[in-house]
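Going letter by letter, the sequence shown gives residues 172 to 345 in my numbering.
We treat Cβ as the ideally placed atom computed from N, Cα and C, and that holds for glycine.
Here is the structure we will look at, set down as structure tokens.
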Amino acid sequence: MKNKTKKILFSEEDIRNRIEKLGAELTQDYKDKNLLVVSLLRGSFIFCADLIRNMDLELEVDFLTTASYGHEEKSSGEVKIISDLRSQVEGRDVLIVDDIIDSGHTLKSVIEHINSKNPKSLKTCVLLDKPSRREVDVEADYIGFKIEDVFIVGYGLNYGDYMRNIPYIFTYEN
């Protein structure tokens, strides 16, 4: 990527402002509920941390590790659960938090997996939605931003094993 130029799609301020609004909406929707927030690792950890800090609720956070990309720019379509939840799911309101939904395979697989644990309710929140890439019938309940079909990096989104720590979201231009 040395010969390519970064194009910032969402600045730190854009992301912060949108997450504050999502946090307020989720606070209202989950008021007086027994909320378990499930962060899908590794991509969503930064988004999830910022999101829950903007939710004025008592909640529990747990983590589910999945893999479908490896070091590629496209999902393989095969989703593996690398490490499962430790928290009790049955009878709880569960909110799955992920960085991006594109093909939909990961989110659909995780929804099916968590539904098998009998939650009271199950909803999803993603920072980025790339609807033009959808291969399965799944939509997020809460969305930060809709984007075109571009490869993105930063704010938890990786390129290989790197660049998750960039505080904004960008793509590369030739």
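| Asked | Found |
| --- | --- |
| Could you pull the start and end residues of the alpha helix (DSSP H) that V136 belongs to? | Nothing about residue 136 can be reported from this structure: the residues present for the chain run from 172 to 345 only. |
| Nearest CA to the CA of M226: which residue from F234, D200, V297, A311? | D200 |
| Applying the criterion that 16 or more other CB atoms from any shown protein chain within 10 Å of the CB defines a buried residue, is D203 buried or exposed? | exposed |
| Quick one: what's F234 bridged to in DSSP? | S210 |
| Would you say P290 and D264 are within 8 Å of each other, going by their C-beta atoms? | yes |
| Given a cut-off of 8 Å, decide if L230 and L206 are closer than it, judged by their beta-carbon atoms. | yes |
| Quick check on N188: does DSSP put it in helix, strand or coil? | helix |
| Would you identify the three-state DSSP class for L299, choosing helix, strand or coil? | strand |
| State the CB to CB distance for the pair E196 and Y313, rounded to an integer number of angstroms; the pair is presumed to be in contact (CB under 8 Å). | 7 Å |
| Tell me whether F344 sits in a helix, a strand or coil according to DSSP, three-state version. | First, the amino acid is wrong: residue 344 is Glu here, not Phe. Correct three-state label for E344: strand. |
| What is the DSSP secondary structure of G194, reduced to helix, strand or coil? | helix |
| For F316, which of helix, strand or coil comes out of DSSP? | strand |
| Check the DSSP bridge columns for G325 and list the partner residues they point to. | L328 |
| Would you give the residue range spanned by the alpha helix (DSSP H) that D221 belongs to? | 216–224 |
| Does the ligand HEM have a heavy atom nearer than 7 Å to the CB of I314? | For the structure depicted, the ligand HEM is absent and the ligand set is empty, with no information on it obtainable. |
| Take V260 and list the residues in its own chain whose beta-carbon comes closer than 8 Å to its own, dropping the five residues that flank it on each side. | L207, I285, K288, N289, P290 |
| Measuring CB to CB, does V281 end up less than 8 Å from L222? | no |
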